[in-house]
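Residue numbers (UniProt numbering): 1 to 155. All C-beta atoms, glycine included, are put in the ideal place defined by N, C-alpha and C. Shown next, in structure tokens, is the structure this report addresses.
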């Protein structure tokens, strides 16, 4: 009986994961830039409608995103989206990184099933919050602890 249940479970998993691209699977299983940056220049934290939260920390060097990291309490799709948005943003100027859209994240991941598209929005929105946080701090002319900023919720 266990053999049949194991086979059924494996078949179901195969069917579920067949909806995702190889690029998605790679980022979900081997996320890039996961972690936290101490003394970050910018920090964003957004909780999506699904309840998943992404945090992004970034360091800016010569007007470009030099280092970037993320953390999430979310599912594999949120992990992949967070990983991809950090890869897309690294090395870009701040105006270029602010132009990264959920569509860019979706395209880079090879698409997502309809019920997972919100994860791309969550990742892009969190990146934008981290950049805006940096811009506010830079405009104010002081380096405050960006790891203690107010969190945001998606609407």
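Around the C-beta of residue i, are 16 or more other C-beta atoms found within 10 angstroms, so that it is buried, or is it exposed?
i	result
residue 3	exposed
residue 95	exposed
residue 113	exposed
residue 129	buried
residue 127	buried
residue 44	buried
residue 9	exposed
residue 55	buried
residue 145	Confidence at residue 145 is low in this model, with a pLDDT of 42, below 50, so the placement of that residue should be treated as unreliable; the coordinate-derived value is given next. Exposed.
residue 51	exposed
residue 63	exposed
residue 82	buried
residue 148	Note that residue 148 scores 44 on pLDDT, short of 50, meaning its location in the model is unreliable; the coordinates nonetheless yield the value given after this. When all chains shown are included, residue 148 counts as exposed.
residue 150	Below a pLDDT of 50, predicted positions are generally treated as unreliable, and residue 150, at 47, falls in that range; the measurement from the model is reported next regardless. Exposed.
Mind checking who residue i pairs with in its DSSP beta bridge?
i	result
residue 58	42, 68
residue 93	64
residue 34	70
Quick test of your reading: residue i and residue j, contact by CB under 8 angstroms. State the CB separation rounded to the nearest angstrom.
i	j	result
residue 105	residue 84	5 angstroms
residue 42	residue 131	6 angstroms
residue 124	residue 80	Contact flag wrong, Cβ pair sits at about 13 angstroms.
residue 70	residue 33	6 angstroms
residue 65	residue 108	About 16 angstroms; that fails the 8 angstroms criterion.
residue 48	residue 122	4 angstroms
residue 68	residue 103	With a Cβ gap of about 20 angstroms, residue 68 and residue 103 do not count as contacting.
residue 76	residue 21	About 13 angstroms; that fails the 8 angstroms criterion.
residue 72	residue 53	6 angstroms
Original post:
What are the start and end residues of each continuous alpha helix (DSSP H) run of 4 or more residues lying completely inside the region 110-148, in chain order?
Top reply: 118-140
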